[in-house]
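Heads up: the structure comes next, in structure tokens.
Residue numbers (the UniProt record's numbering): 1 to 196.
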């Protein structure tokens, strides 16, 4: 027969209690970490971008239907594009009856001519087109929903956009004649007079 030491059941009970407490702490930490991760991520941003792109107006339709258009150049990996996806979905819902929403993925080489035409060098890149498809303004980078909403309201009303970077006339790039150096002029002087 084994003898019990005085207080041995208390020691075993407290060891079990300690293990149970540690297990509950670890379980709580895991649950909180998962909740924070899911809460911070929210609905899958790339899924939102994908959904926006799948339901967007095709570019050809937008250019032919005589309705103003907002083109967004984006990429699924673009964190600013992801951050704006929810706002863009809300704006589309509000303005879809008056403005085309076109989504062009910069990772698709099909859109390279448009990327060159609208000088896309950062994303998100927004181009506002009037009803005949002429660009009237652009914006690059993450934009507040209120700024885009103000622009869409004006675009739909055929008014000047309140928040814009304008498009102006540009010169075609071509071969320019090389400047001719006069006798005694150092070509490294960039036109400055050399005093001797």
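For glycine and all other residues, C-beta sits at the position ideal for the given N, C-alpha and C.
Query	Result
Compare the Cα-Cα distances from residue 69 to each of 17, 132, 14 and report the closest residue.	132
Quick one: which unbroken alpha helix (DSSP H) runs of 4-plus residues sit fully inside the UniProt domain "Thioredoxin" (38-157)? Chain order, please.	45-55, 59-64, 79-95, 112-117, 145-156
Under a Cβ-count criterion, where at least 16 other Cβ atoms within 10 Å of its own Cβ denotes burial, should residue 57 be classed as buried or exposed?	buried
By a C-beta neighbour count over all protein chains shown, 10 Å radius and 16 as the cutoff for buried, is residue 15 buried or exposed?	exposed
Out of curiosity, what's the CA-to-CA distance linking residue 108 and residue 75?	9 Å
Looking only at its own chain, which residues have a Cβ that is under 6 Å from the Cβ of residue 122, when we skip the five neighbours before and after it?	140
Using three-state DSSP, classify residue 18 as helix, strand or coil.	helix
Helix, strand or coil: which one does DSSP assign to residue 24?	helix
Less than 7 Å between CB atoms is the rule here; does residue 54 satisfy it with respect to chain D?	Absent from the structure is chain D; it holds one protein chain and no more.
For residue 63, which residues in the same chain have their Cβ closer than 7 Å to its Cβ, ignoring the five residues on either side in sequence?	133
Run through DSSP, which three-state label would residue 32 get?	helix
Check whether the Cβ atoms of residue 91 and residue 25 sit closer than 7 Å, and answer yes or no.	no
Determine the contact status of residue 145 and residue 99, defining contact as a CB-CB distance below 7 Å.	no
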